[in-house]
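**Q** Under the working numbering, the first residue of the sequence shown is numbered 7, with each subsequent residue one higher.
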Amino acid sequence: MAIMKVGPAGIETISGALKRPKKQNGHNHGNYLVATHRIAVSSNPNCQRVYSFTAERYNRSTEPSARELEIRARFTAVQAMVKARAKDLSKMAADQEAFNAQKDTAGGKTTMRAYLWKVCGQEYDEAQG
7 MAIMKVGPAG
17 IETISGALKR
27 PKKQNGHNHG
37 NYLVATHRIA
47 VSSNPNCQRV
57 YSFTAERYNR
67 STEPSARELE
77 IRARFTAVQA
87 MVKARAKDLS
97 KMAADQEAFN
107 AQKDTAGGKT
117 TMRAYLWKVC
127 GQEYDEAQG
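#1: Below 7 angstroms CB to CB, which residues in the same chain sit around Ala92 once its five sequence neighbours on both sides are set aside?
#2: Reducing DSSP to helix, strand and coil, say where Thr82 ends up.
#3: Taking C-alpha atoms, which residue in Asp101, Ser48, Gly36 lies nearest to Leu24?
#4: Helix, strand or coil: which one does DSSP assign to Gly16?
#5: Look up Ser71 in the DSSP assignment and say whether it is helix, strand or coil.
#6: Check the C-beta distance from Arg26 over to Tyr38 and give it rounded, since I have them as a contact under 8 angstroms.
#7: In this structure, how does DSSP classify Ala90 when only helix, strand and coil are distinguished?
#8: Is the number of C-beta pairs between the stretch 124-132 and the stretch 83-98 that are closer than 8 angstroms three or more?
#9: Would DSSP call Arg224 helix, strand or coil?
#10: Which residue marks the beginning of the beta strand (DSSP E) containing Asn34, and which one marks its end?
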């Protein structure tokens, strides 16, 4: 998704993916069109660039490692645990109290969702041994 800044004279800057390939019947049609806008100070007046890449540009060249598959499995499991726990009325009051007690401490999580990710992640790790 591209971010665009529009001014009185029209488009001032665009940054992000303008176009992505469309996947049909197992293969891609089209290409990527990506725009970048440099915000760093420079003497070069050209701060806007547009690039075009083939549809295969972002395809993975290697198979995921065993460690990466473990990380993906953990993420999926913890995500489901967080979603369920956020809706669990029997744990909601205790979670809110525990969250409020830790949020102003050093290393404390500042959002309820981050706190639930921490708690559920610890539960998952303990269950996995």
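By construction, the Cβ of each residue, glycine as well, lies at the ideal position given by its N, Cα and C atoms.
**A** So, from the data block:
#1: As a first step, residue 92 must be located in the sequence shown, where it is residue number 86. These residues qualify, in order along the chain: Leu122.
#2: Along the sequence shown, read from residue 1 onward, the residue named residue 82 stands at position 76. For Thr82, the three-state secondary structure derived from DSSP is helix.
#3: Within the sequence shown, numbered from 1, the residue matching residue 24 stands at position 18. Minimum Cα distance to Leu24 is reached at Gly36.
#4: Taking the sequence shown and counting its residues from 1, one reaches residue 16 at position 10. Gly16: strand per DSSP, three-state reduction.
#5: In the sequence shown, residue 71 corresponds to position 65, counting from 1. Coil.
#6: Start at 1 with the first residue of the sequence shown, and residue 26 comes out as number 20. Start at 1 with the first residue of the sequence shown, and residue 38 comes out as number 32. Between Tyr38 and Arg26 the Cβ distance is about 6 angstroms, and since that is below 8 angstroms, they are a contact.
#7: For the purposes of this step, residue 90 is identified with residue 84 of the sequence shown, where counting begins at 1. Note: Ala90 maps to helix in three-state DSSP.
#8: The stretch 124-132 is in contact with the stretch 83-98.
#9: Coverage of the chain is limited to positions 7 through 135, which leaves residue 224 absent and any answer about it impossible.
#10: The residue labelled residue 34 in the question sits at position 28 within the sequence shown. Element bounds for Asn34: 33-35.
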